[in-house]
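As structure tokens, the structure follows; a few thoughts come after it.
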Amino acid sequence: MPRPKTKEELVLASKENYEKLNLFISQLSEDELQTPFDFSRDPKKKEAHWKRDKNLRDVLIHLYEWHQLLSTWVYSNQEGHEKPFLPEPYNWKTYGEMNVAFWKKH
1 MPRPKTKEEL VLASKENYEK LNLFISQLSE DELQTPFDFS RDPKKKEAHW
51 KRDKNLRDVL IHLYEWHQLL STWVYSNQEG HEKPFLPEPY NWKTYGEMNV
101 AFWKKH
């Protein structure tokens, strides 16, 4: 599927990919759902998230929290309350710390 170019295409692609994700997860066994990730043998995977996210649950938590950030930001701005996307005290240089806070929260 080509990259969406309109709002309608973006919404459609989002729905389709969300359904694909849910279908994929629903087909995993309980053991697969609980299996820890191990990226230690891949030298290219050095970024923080490769160490932080230990299993599928951690990845889904990350997606959920970023979705909440987006929803809150959009709603606030639509209501006339301009606010930055990232909550205080985070910025685009420190958002990695926010991701760790999300991980600890759950």
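Residue numbering for the sequence shown is 1 to 106, as defined by UniProt numbering.
For each residue, glycine too, the CB sits at the ideal point set by N, CA and C.
Its chain contains 76 as the residues whose beta carbon lies nearer than 6 angstroms to that of residue 83, once the 5 sequence neighbours on both sides are disregarded; these appear in chain order.
Cβ-Cβ distances below 8 angstroms link residue 34 to 55 in the same chain, with the five nearest sequence neighbours on each side left out; the list follows chain order. Annotation for residue 103: the continuous alpha helix (DSSP H) segment containing it runs 95-105. Going by DSSP, residue 31 is part of the alpha helix (DSSP H) stretching over 30-34. Closest option to residue 86, judged by alpha-carbon separation, among 79, 23, 97: 97. Under the three-state reduction of DSSP, residue 51 is assigned to helix.
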